[in-house]
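Chains as they are written, first to last, in the working numbering: chain A, 167 to 256; chain B, 167 to 256. Heads up: the structure comes next, in structure tokens.
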């Protein structure tokens with residue numbers, strides 16, 4: 167089993183209203199924030215024989231489902247999985 | 167100016183319906199996916215004198231606004247910013 171992390175973010179130049187509102191809210195709370203960008207991250211467990219096969223599959227997932235080619239960029243990285251103990255955090 | 171990346175994810179044990187639906191959709195497309203988790207990532211530009219000050223501010227932002235202490239875990243990392251050329255991607 168391989169675990170990949172896929173991040174989907176808006177291409178530069180696209181409006182990010184959620185980021186803008188978040189930046190304003192943080193400034194209202196007193197934080198010296200100039201800009202906020204919001205993106206979505208998927209942690210995906212999949213069957214793959216190698217890291218490169220996992221990345222290839224994740225790229226295909228982005229193109230077929232997860233990313234909108236008109237407005238999104240995406241990045242893929244392979245995460246390390248501790249076999250047998252899939253605990254995260256506390 | 168410092169740039170931090172904040173990721174908000176569900177604590178283990180909380181239901182992630184968006185992840186479950188995404189996993190099903192990916193399986194329907196033929197991908198050998200066993201589990202998908204969805205999280206949200208914020209890229210935040212802020213005024214801070216040091217990396218540690220930036221991390222401290224980002225932790226406070228999570229506690230005050232971005233993360234729900236009942237159901238979310240969060241992580242913070244400082245990103246490198248190329249001063250003068252804030253280009254991302256192509």
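Where a beta carbon is used, it is the ideal one built from N, C-alpha and C, also for glycine. Note that this is a predicted model, so its numbers are computed, not measured.
Quiz item: Using a C-beta cutoff of 9 angstroms, does residue 197/B count as contacting chain A?
Solution: Position 31 of the second chain holds residue 197/B. By this cut-off, residue 197/B is an interface position.
Quiz prompt | Nearest residue (CA-CA) to residue 177/B, options 190/B, 184/B, 234/B | solution = The residue you call residue 177/B lines up with position 11 of the second chain. Out of 190/B, 184/B, 234/B, 234/B has the C-alpha closest to the C-alpha of residue 177/B.
Quiz item: At a Cβ threshold of 9 angstroms, is residue 217/A touching chain B?
Solution: Against the first chain, residue 217/A aligns to sequence position 51. False, the Cβ-Cβ gap to chain B never drops below 9 angstroms.
Quiz item: Between the C-alpha atoms of residue 244/B and residue 223/A, what's the straight-line distance to the nearest angstrom?
Solution: Here residue 244/B refers to the residue found at position 78 of the second chain. Here residue 223/A refers to the residue found at position 57 of the first chain. Distance between the alpha carbons of residue 244/B and residue 223/A: 29 angstroms.
Self-check item: Residue interval of the beta strand (DSSP E) (run including residue 182/B)
Solution: Against the second chain, residue 182/B aligns to sequence position 16. Under the DSSP assignment, residue 182/B falls outside any beta strand (DSSP E); it carries neither an H nor an E label.
Practice problem: Give the straight-line distance between the Cα atoms of residue 252/A and residue 207/B, rounded to the nearest whole angstrom. | Solution: As a working mapping, residue 252/A is identified with position 86 in the first chain. As a working mapping, residue 207/B is identified with position 41 in the second chain. With a pLDDT of 48 at residue 252/A, under the threshold of 50, the modelled position of this residue cannot be trusted; read the value that follows with caution. Cα-Cα distance, rounded: 22 angstroms.
Quiz item: Between which two residues does the alpha helix (DSSP H) harbouring residue 225/B extend?
Solution: Mapped onto the second chain, residue 225/B falls at position 59. Residues 217–227.
Quiz item: When you compare only the Cα positions, how much space is there between residue 238/A and residue 175/A?
Solution: By 1-based counting over the first chain, the position of residue 238/A is 72. By 1-based counting over the first chain, the position of residue 175/A is 9. Spanning the alpha carbons of residue 238/A and residue 175/A requires a straight line of approximately 6 angstroms.
Quiz item: How would you label residue 236/A, buried or exposed, when you count the other beta carbons within 10 angstroms and need 16 or more for buried?
Solution: One-based indexing of the first chain puts residue 236/A at position 70. Under this definition residue 236/A is an exposed residue.
Practice problem: Using a Cβ cut-off of 9 angstroms (strictly closer), state whether residue 233/A contacts chain B. | Solution: Position 67 of the first chain, counted from the first residue, corresponds to residue 233/A. So no, residue 233/A is outside the interface.
Quiz item: DSSP three-state call for residue 209/A: helix, strand or coil?
Solution: Stepping through the first chain from its first residue, residue 209/A is reached at position 43. Three-state result, residue 209/A: strand.
Quiz item: Alpha carbon to alpha carbon, what distance is there between residue 210/B and residue 247/B?
Solution: The residue labelled residue 247/B in the question sits at position 81 within the second chain. The residue labelled residue 210/B in the question sits at position 44 within the second chain. Their backbone Cα atoms lie some 11 angstroms apart in a straight line.
Quiz item: Under a three-way DSSP split, which group does residue 172/B fall into?
Solution: The residue labelled residue 172/B in the question sits at position 6 within the second chain. In the structure shown, the three-state DSSP call for residue 172/B is strand.
Quiz prompt | Positions along the stretch 201–213 of chain B whose CB lies within less than 8 angstroms of some CB in chain A | solution = Against chain A - using a Cβ distance shorter than 8 angstroms - the residues of the stretch 201–213 of chain B are 201, 202, 203, 204, 205, 206, 207, 208, 209, 210, 211, 212, 213.
Self-check item: Close Cβ partners of residue 214/A (< 7 angstroms) along its chain, the five nearest in sequence each way excluded
Solution: Numbered from its first residue, the first chain carries residue 214/A at position 48. Taken in chain order, the residues that qualify are 168, 220, 223.
Quiz item: According to DSSP, is residue 254/A helix, strand or coil?
Solution: Locating residue 254/A in the first chain gives position 88, where the first residue counts as 1. At residue 254/A, the pLDDT of 49 sits below 50, so the modelled position is not reliable and the matter cannot be decided from this model.
Self-check item: Top-ranked residue by Cα proximity to residue 266/A, from 227/A, 242/A, 173/A, 203/A
Solution: Residue numbering for chain A in the displayed model covers 167 to 256; residue 266/A lies beyond these limits and cannot be assessed.
Quiz item: Hey, how far is the Cα of residue 197/B from the Cα of residue 170/A?
Solution: Mapped onto the second chain, residue 197/B falls at position 31. Mapped onto the first chain, residue 170/A falls at position 4. Using only the alpha carbons, I get a separation of about 13 angstroms.
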